[in-house]
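Read the structure below first, then the notes.
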């Protein structure tokens, strides 16, 4: 078996996944992802499986990978970089790892939110430069946070928000009544209603045609002056131009994200240098606790699929 391994956090973080992979006797080809479609096309055709991150796995890549490619095992839960309809048409199973990173992503969401609220980057930049610059911040207590999506990550953000004494609002097709009751979450029947009711928006939903640019100019206009947006989902969930305009006008006091529309970004990416923006390099789930969980799940999914036995989490219904 020849396996293409592209996810950097899998490769860089210690854990039991390394020994288990070595024990399989596979030939492992390591690349530093996320890989573009062009690079994937260069590699396609010589592998029995991909153990991938957010690489550009398009229909063209999948077609060129056949007939040898047997399975795609995604490290993580986001599938928007994989052409899922093509995998169904071409009968290639896509595996993923739900339930392994919700705590750490929720923690990172609050890291970014607190950094905005307390002007953390400004303070740290100042003291590191030998200055004692002080800027007045904000409490999170009694602020209203709006969650787009109430899956595992959204639920954990709600749990932490209530611990900070925040008021939690949410919109989503999936609605766990027990969680909503426990954390006193107000349900909204539209995104417009959600945006008009909160001080903070935090999307935790998958990227698809419906959610693309769900944070846009029209909805940002519904929020109060000086609001915040936190994004630990996907860069394309926001309309970047609309967010920048809202920051410049004062409608948004800050934007903080762990994801961008292009990763890694070009040096002149407009969000990297905006004074009201904090960007971290997609490390929300990159912890010594979370990485081994994700890595082991993606690896055991792959082992079981190749053997044709045991449990594996299939995202496209081919298995």
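In my numbering, the protein residues as written are 11 to 329. Each residue gets a CB set at the ideal place from its N, CA and C atoms; glycine is no exception. Model, not experiment: these values are computed from the prediction.
Taking the continuous beta strand (DSSP E) assigned at residue i, which residues delimit it?
{"i": "residue 313", "result": "Taken as a continuous stretch (DSSP letters only), residue 313 belongs to no beta strand (DSSP E), being part of the alpha helix (DSSP H) at 300-317."}
{"i": "residue 62", "result": "59-62"}
{"i": "residue 12", "result": "12-15"}
{"i": "residue 206", "result": "Taken as a continuous stretch (DSSP letters only), residue 206 belongs to no beta strand (DSSP E), as it is neither H nor E."}
{"i": "residue 84", "result": "81-84"}
Using a threshold of 8 Å, state whether the C-beta atoms of residue i and residue j are closer than that.
{"i": "residue 181", "j": "residue 211", "result": "no"}
{"i": "residue 294", "j": "residue 270", "result": "no"}
{"i": "residue 324", "j": "residue 105", "result": "yes"}
{"i": "residue 112", "j": "residue 166", "result": "yes"}
{"i": "residue 78", "j": "residue 57", "result": "yes"}
{"i": "residue 309", "j": "residue 30", "result": "yes"}
{"i": "residue 47", "j": "residue 35", "result": "no"}
{"i": "residue 75", "j": "residue 55", "result": "yes"}
{"i": "residue 333", "j": "residue 304", "result": "For the chain, the structure presents residues 11 to 329; residue 333 sits outside this window and is missing."}
{"i": "residue 219", "j": "residue 252", "result": "no"}
{"i": "residue 41", "j": "residue 12", "result": "no"}
{"i": "residue 97", "j": "residue 326", "result": "yes"}
{"i": "residue 261", "j": "residue 209", "result": "no"}
{"i": "residue 302", "j": "residue 63", "result": "no"}
Whose C-beta lies closer than 7 Å to the C-beta of residue i among residues of the same chain, with five residues either side of it excluded?
{"i": "residue 213", "result": "158, 159, 224, 225, 241, 243, 247"}
{"i": "residue 322", "result": "105, 311, 314, 315, 329"}
{"i": "residue 184", "result": "160, 161"}
{"i": "residue 126", "result": "238, 264, 266, 288"}
{"i": "residue 256", "result": "230, 262"}
With burial defined as no fewer than 16 other Cβ atoms inside 10 Å of the residue's Cβ, what is the status of residue i: buried or exposed?
{"i": "residue 145", "result": "exposed"}
{"i": "residue 291", "result": "exposed"}
{"i": "residue 83", "result": "buried"}
{"i": "residue 137", "result": "exposed"}
{"i": "residue 317", "result": "exposed"}
{"i": "residue 298", "result": "exposed"}
{"i": "residue 188", "result": "exposed"}
{"i": "residue 118", "result": "buried"}
{"i": "residue 95", "result": "exposed"}
{"i": "residue 101", "result": "exposed"}
{"i": "residue 115", "result": "buried"}
{"i": "residue 283", "result": "exposed"}
{"i": "residue 331", "result": "The question about residue 331 has no answer here: the residues shown for the chain are numbered 11 through 329."}
Where does the unbroken alpha helix (DSSP H) through residue i begin, and where does it stop?
{"i": "residue 237", "result": "Here residue 237 belongs to no alpha helix (DSSP H); instead the beta strand (DSSP E) covers 237-241."}
{"i": "residue 189", "result": "187-192"}
{"i": "residue 41", "result": "Premise fails: residue 41 is in no alpha helix (DSSP H) and is neither H nor E."}
{"i": "residue 293", "result": "Neither: residue 293 is in no alpha helix (DSSP H) and is coded neither H nor E."}
{"i": "residue 288", "result": "Counting along the chain, residue 288 falls outside any alpha helix (DSSP H), though it belongs to the beta strand (DSSP E) covering 287-289."}
{"i": "residue 27", "result": "26-32"}
{"i": "residue 50", "result": "47-53"}
{"i": "residue 18", "result": "18-22"}
{"i": "residue 71", "result": "69-75"}
{"i": "residue 228", "result": "227-230"}
From the beta carbon of residue i, is the nearest beta carbon of chain C less than 8 Å away?
{"i": "residue 139", "result": "In the structure shown, chain C cannot be found, because there is only a single protein chain."}
Among the residues of its own chain, which have a CB less than 6 Å from the CB of residue i, if the five just before and after it don't count?
{"i": "residue 307", "result": "107, 110"}
{"i": "residue 81", "result": "59, 103, 315"}
{"i": "residue 69", "result": "93, 96"}
Apart from the five residues just before and just after residue i, which ones in its own chain have a Cβ nearer than 8 Å to its Cβ?
{"i": "residue 205", "result": "156, 211, 229, 230, 232, 233"}
{"i": "residue 217", "result": "88, 90, 243, 244, 246, 247"}
{"i": "residue 128", "result": "147, 148"}
{"i": "residue 201", "result": "158, 181, 224, 229"}
#### Entry: Entirely enclosed beta strand (DSSP E) segments - the segment 99-177, minimum 3 residues
As far as the segment 99-177 is concerned, its whole beta strand (DSSP E) runs of at least 3 residues are 154-158.
#### Entry: Within the segment 255-282, ranges of the beta strand (DSSP E) (whole runs, at least 3 residues)
Fully contained in the segment 255-282 are the following beta strand (DSSP E) runs of length 3 or more, in chain order: 262-267.
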